[in-house]
Amino acid sequence: MTDQPENPLRDALADAIASNEVILFMKGTPEQPMCGFSARTCAALAATETEFAAVDVLADPRIRQELSSLSNWPTIPQLFVRGELVGGADIVGQMYESGELAAVLGAPATAGIDPLPETAEPGSAPPLQIENRLS
Amino acid sequence: MPTAAEVKARIESGIPGSEADVTSDDNVHFNARVAAAEFAGLSLVEQHRLVYAIFDEGELGGSIHALALTTEPR
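Listed below in structure tokens is the structure:
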């Protein structure tokens, strides 16, 4: 890959990651996840009662491509907390079970006790529509 | 479509000394549990990256539609 000096999408993604304390890149929306892995990750976040920003990568295929090159992570979902990649569905699930997710998120340490609900609770912020920033 | 045995072999040759248990019902969705000395001291993200790096660009999410991964140092 060569350096691309002008890359508005990459800048928009980096900006979204930097300016949202908890941000999830997923397939679909928290209300309507389009993939089991994204659904599970939303459910873990919802169970820790964390507010999070969400980006639907299905809105534009360039988002996923650019995100993976930015994060060095090939799959979706991807959870970032305070600018750091926490992981995908497996890591988030594992950290939820161990209680580590709540610790990373700064949520009350009650998570990990209840089994994960099947779907995410509503109440998370509406999806960031990064695709609208594409020219 | 790769078989679970092929995915296992690729992980084990990609991370020498590792041991991978790989299962799949359909040769598209895979479950892998990988134990490797190399994981010691690495974050979970770094451990998973080592496994992901074995596969070609586009392969994860492509012919390997999903790879549910658990890693552990040993």
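Residue numbers (the working numbering), protein chains in the order written: chain E, 1291 to 1425; chain S, 6 to 79.
We put the beta carbon where it would ideally sit given N, CA and C, even for glycine.
Please read these numbers as outputs of a predicted model, since none were measured by experiment.
Inter-residue Cα distance where the pair is residue i and residue j
{"i": "A40 of chain S", "j": "N1362 of chain E", "result": "22 Å"}
{"i": "K13 of chain S", "j": "F35 of chain S", "result": "10 Å"}
{"i": "N1297 of chain E", "j": "E17 of chain S", "result": "38 Å"}
{"i": "E1339 of chain E", "j": "I1420 of chain E", "result": "24 Å"}
{"i": "C1332 of chain E", "j": "G1378 of chain E", "result": "11 Å"}
{"i": "H5 of chain S", "j": "N1422 of chain E", "result": "The first residue shown for chain S is 6 and the last is 79, placing residue 5 of chain S beyond what the model contains."}
{"i": "G1402 of chain E", "j": "A1393 of chain E", "result": "Interpretation of G1402 of chain E is limited by its pLDDT of 49, a score under 50 that renders its predicted location unreliable; the figure taken from the coordinates is listed afterwards. When rounded, the distance between both Cα atoms is 11 Å."}
Amino acids of chain S, ordered along the chain, whose beta-carbon sits closer than 8 Å to that of residue i
{"i": "Y1364 of chain E", "result": "Contrary to the premise, residue 1364 of chain E reads as Pro rather than Tyr in this sequence. Near P1364 of chain E (Cβ distances below 8 Å), the residues of chain S are Y57, F60, E62, L65 and G66."}
Boundaries (first-last residue) of the beta strand (DSSP E) holding residue i
{"i": "A71 of chain S", "result": "A71 to P78"}
{"i": "S29 of chain S", "result": "E24 to S29"}
{"i": "Q1368 of chain E", "result": "Q1368 to V1371"}
Under 8 Å by beta carbon: chain E residues contacting residue i
{"i": "R54 of chain S", "result": "N1362 and W1363"}
Within chain S, the residues that residue i reaches when beta carbons sit closer than 7 Å
{"i": "I1313 of chain E", "result": "Those do not exist, as I1313 of chain E stays about 15 Å from chain S at its closest Cβ, beyond 7 Å."}
Cross-chain neighbours of residue i in chain S, by beta carbon under 9 Å
{"i": "G1377 of chain E", "result": "S48, L49, V50 and H53"}
Chain-ordered neighbours of residue i on chain E, where CB pairs are closer than 9 Å
{"i": "T75 of chain S", "result": "D1380 and Q1384"}
Nearest residue (CA-CA) to residue i, options the options
{"i": "A25 of chain S", "options": "S:G19, S:E51 and S:R38", "result": "S:R38"}
{"i": "H136 of chain S", "options": "E:E1356, E:E1339 and E:T1365", "result": "An answer regarding residue 136 of chain S cannot be provided, because it is not within the stretch 6 to 79 covered by chain S."}
{"i": "G1373 of chain E", "options": "E:G1326, E:V1312 and E:S1359", "result": "E:V1312"}
{"i": "L1299 of chain E", "options": "E:A1334, E:L1357 and E:G1318", "result": "E:L1357"}
{"i": "P78 of chain S", "options": "S:D30, S:L49 and S:V33", "result": "S:L49"}
{"i": "I81 of chain S", "options": "S:G66, S:R15, S:M6 and S:E43", "result": "Any property of residue 81 of chain S remains undetermined from this structure, which presents chain S solely from 6 to 79."}
{"i": "E43 of chain S", "options": "S:P21, S:M6, S:D61 and S:L72", "result": "S:P21"}
Endpoints, the alpha helix (DSSP H) within which residue i is located
{"i": "L1375 of chain E", "result": "That residue, L1375 of chain E, is in no alpha helix (DSSP H); its beta strand (DSSP E) goes E1374 to G1377."}
{"i": "Q1322 of chain E", "result": "No alpha helix (DSSP H) contains Q1322 of chain E, which DSSP labels as neither H nor E."}
{"i": "D1305 of chain E", "result": "P1298 to S1309"}
Residue i Cβ short of 6 Å to the ligand MG heavy atom set
{"i": "A1379 of chain E", "result": "For the structure depicted, the ligand MG is absent and the ligand set is empty, with no information on it obtainable."}
Contacting residues, own chain, Cβ-Cβ under 7 Å from residue i (five flanking each side not counted)
{"i": "L1375 of chain E", "result": "S1361, W1363 and Q1368"}
Residues of its chain near residue i, where Cβ-Cβ distance is below 8 Å and the 5 sequence neighbours each way are ignored
{"i": "V33 of chain S", "result": "M6, S68, I69, H70 and A71"}
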